[in-house]
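Working notes, structure below.
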Amino acid sequence: MAHSTTVVSMDNMDYISFLPDEIIHAHILTKLFTKEAARTSVLSKRWSSLWSSLPYLEFYQFHFLHTSAFRDFVDQTLRDRQRTETDILKFKLCVTHGIEVSDFDDWIRLVMERNVQEFHLEFLGIQPYKWPSQNVCIAKTLTVLELYYCEVKFESNMMLHQLQVLSLEKVLLDERTIEIFIRGCPSMKDVKVSNCYGLKHLNVSNHLQLKRLYIGNCFGLMKVSIIQVPSLESLTLYFTKSFVSLNPLCFKVDPKAYETLRELHLCNYHIEDKAFQDFLSRLSNLECLILKNVVQYSSSIAISSKKLKRLELEHCGFFMVEIRVPNLTSLKYENNETLFYHLETYNVQDYIFSDCCDYSTNLDEKSLKFEPVQRLLANSSRNLWQGTKMVVDMKWCNYVIVLEDCESIAQLPYEVIDDLFPKAMCISNMSFPQMVEWFLNHSLCFGQKLLVISSADSKFYKVLQEKRPNYYLKSSTFTMTKEAFERNTHLLSIDNVHGENDQKYAFFAALLEVGFNKMQAVVLEKL
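Each step along the sequence shown adds one to the number in full-length UniProt numbering, with nothing skipped, and position 207 is 207.
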């Protein structure tokens, strides 16, 4: 008698349900929005249990069509956690409108009672939400607190021994509240105060553990003091335009932090004397320096450090700048009203030099010159020319020219380039996707035509088509010769104005002379 055989397909096995709860919580349900995670509860009793014990909750009001549905879902979920005494390790709430303050207060209290470790609140309503200070005081397990568009005011001291990260964005608060936070959170390592208002004097003092401090664009802030913070490693100060001051007393850092500071970001800071130079010279262990719109009037500045690895200067104004940083690996120099007269660094790996201006700028006074860039690349211990690309936006035509061949760029005579006074110029070894992003972000795509010259099929054009497929139309492709160039671009037939044809002929003659002849050229016209 024949025996029948049942074949069980391995494809029909439910392997996920056999995983431990911790794996499903941390690697599956957390990848879903909380609203979607709740729907898994209908799969089986085990999945229902997994949902009800999920310790990571994120609620976004814009996932719901009706305010009442959102309110009921949040309320029911939190009360279920209270009933089952389930801890909430991470909680995020994003609310847009229509929620009563009493509901807010209840939800925050319920979460704080469930041993929450990370708490994130984003309020996008018309008026800021008044944070109930008494609720945060009961969260003894809290390690991360992030508030967006709230009003926070503490009348009395509080203690959060476990809090390590504090982020306040678009928050209305006063000096006393910040001081209470600093004093009441002895384990805090990261503080971010961004786009806040109500502060005039921000005093961060007497904190032994603080490592990273970010103060950004706080309206009305007139003075910053950082005193006795011996562990500070990273300092970011993005001042508003109203802060821009010539008074060195508006920005004070305790000398004890000079040796520990590894990273400094400074934006919108103007000063008359050499106080800023003195400040920089004392940062002996600095590894990253980023300056944006920093001006020291009537004075040169020297950046000299053996430990500095990353340097960015953007929209800065110094009389002259001298750079002596032998171990620098990353250099960014963009749109500065500064002529660097000495550049000594031999280990740079990634670099970008660029200069852009609007039509009101005197093009003959551009600060970026090709000569020191060429000298830097030639003197480096690495072959920095490898991967170098160049973008030039000509002032006398509607063309933006992209040169992809690094060996030929290296041979271009700097006198010819510097005499062009282009509207924009960028020299960098960044990747092609990064170069295209730079091109788009700096509005060079507003030009009518784009000429790309490369030794093979243009990678710049390929990436540009991927990012903006309907932006440019290829109008012609040709092999670079003088005749083909003039026939396809008509750049050399424009009327001579103030001797500009001499510059144009010199530039294109240089291109053909140093190796761009016989290369592939693509002319793109904007749609």
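For glycine and all other residues, C-beta sits at the position ideal for the given N, C-alpha and C.
Between the C-alpha atoms of N336 and L450 there is a straight-line separation of about 25 Å. In this structure, DSSP gives C250 a helical state, which the three-state scheme calls helix.
For C426, the enclosing beta strand (DSSP E) begins and ends at 424-428. Rounded to the nearest angstrom, the gap between the Cα atoms of G515 and F59 is 60 Å.
When C-beta atoms of the region 168-177 are compared with those of the region 197-205, three or more pairs fall below 8 Å, so the two segments count as touching. Distance check between K369 and each of L512, G125, V416 places V416 closest, using alpha-carbon atoms only. In the DSSP secondary-structure assignment, M112 is not bridged to any residue. In this structure, V116 lies near T141, with their beta-carbon atoms less than 9 Å apart. Contact annotation, E322 with S300: C-beta distance approximately 7 Å; criterion of less than 8 Å satisfied. A302 sits in a strand when the DSSP states are folded into three classes.
Judged by DSSP in its simplified three-state form, Q465 adopts helix.
In terms of Cα proximity to L266, the closest of L311, S284, K307 is L311. T329 sits in coil when the DSSP states are folded into three classes, being neither helix nor strand.
A straight-line Cα-Cα distance of about 46 Å links S455 and N217. A direct Cα-to-Cα measurement between L289 and L264 gives close to 5 Å. C267 sits in a strand when the DSSP states are folded into three classes.
Here F439 is near V400, since their CB atoms are less than 9 Å apart. Rounded to whole angstroms, M435 and Y238 show a C-alpha spacing of 26 Å. Taking a C-beta distance under 9 Å as the contact criterion, T177 and Q162 do not qualify as a contact pair. Counting only residues of its own chain and dropping the five nearest sequence neighbours on each side, E525 has a CB closer than 6 Å to the CB of K449, L473, S475.
Taking C-beta separations shorter than 8 Å and ignoring five residues to either side along the sequence, the partners of L29 in its chain run A37, T40, L50, W51, L54, Y56, following chain order.
Assignment of V391 by DSSP, reduced to helix, strand and coil, places it in the strand class. Per DSSP, Q61 lies in no beta strand (DSSP E) and is assigned neither H nor E.
Under the DSSP assignment, C137 falls outside any beta strand (DSSP E); it carries neither an H nor an E label. Out of I227, C250, K307, N429, the CA that lies nearest to the CA of R262 is found in K307.
Residue pairing from DSSP places E146 in a beta bridge opposite H120, S167.
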